[in-house]
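In the numbering used here, the protein residues as written are 71 to 202. By construction, the Cβ of each residue, glycine as well, lies at the ideal position given by its N, Cα and C atoms. Fair warning: this is a prediction, and the values are worked out from it, not measured in the lab. Below: one structure, written as structure tokens.
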Amino acid sequence: MAFINCPKCGRLVPDTYTNCPMCKAPLNAPKQSDTQQSIYVNVPEKSNSNGLGVAGFVLALIGLFIGWVPALGWIIWLLGAIFSFAGLFKQPRGLAIAGFVISFIDLLLLLLVFGAGLSLLGALGAIGAAAS
Ligand SMILES: [Zn+2]
């Protein structure tokens, strides 16, 4: 029976063991740490959060409620649209897509409000012109 040194505690362990009986360290540690490293390299890339997409989504959502507020609402909407659009090129982009869609809805609502407001102004102007 051959003995190998535990890579962690240095104790002599029969090579039939897969783990050191003393410190439980895996005896084929170099190989395992290699595979673990390659896994660790991949995990952070996948779990990266899309900050731009999240910011765009939140701003678009806020813009949905205050998009009609002059200046402030428009800035929030514009930032939401820009962040969402920039977030589309990053992963994960679920929230970025949602933010972009909401920004589009914001724009439609804004145009609708503007259109209603303009036609109302036009109607008022027509009434005013007729009255005078
Ligand atoms: Zn050990």
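Answer yes or no: the CB of M71 versus the heavy atoms of ligand 1, is any distance below 7 Å?
no
Please list, in chain order, all residues of the same chain as P114 whose beta carbon is under 6 Å from its beta carbon, the five residues on each side excluded.
Low per-residue confidence applies at P114: pLDDT is 48, beneath 50, and the placement is therefore not dependable enough to give any value.
Where does the unbroken alpha helix (DSSP H) through F153 begin, and where does it stop?
L142 to G157
How far does the beta strand (DSSP E) with V83 in it extend, from its first residue to its last?
L82 to P84
Alpha carbons only, please: which of C79, D176 and P96 is nearest the one belonging to G146?
What sits at residue 146 in the sequence shown is Ile, not Gly. Minimum Cα distance to I146 is reached at D176.
Assuming the contact rule is C-beta atoms closer than 8 Å, A130 and S173 should be a hit. Round their C-beta distance to whole Å, please.
4 Å
In this structure, what does DSSP give as the bridge partners for N89?
P96
Using only alpha-carbon positions, find the residue among L181, F127 and Y87 that is nearest to F153.
F127
For F73 and N89, the rounded distance between their alpha carbons
13 Å
Distance check for A151 and R163, CA to CA, integer angstroms please.
14 Å
How about P91: is its C-beta nearer than 8 Å to some C-beta of chain C?
Annotation note: the requested chain C is absent from the structure, which comprises a single protein chain.
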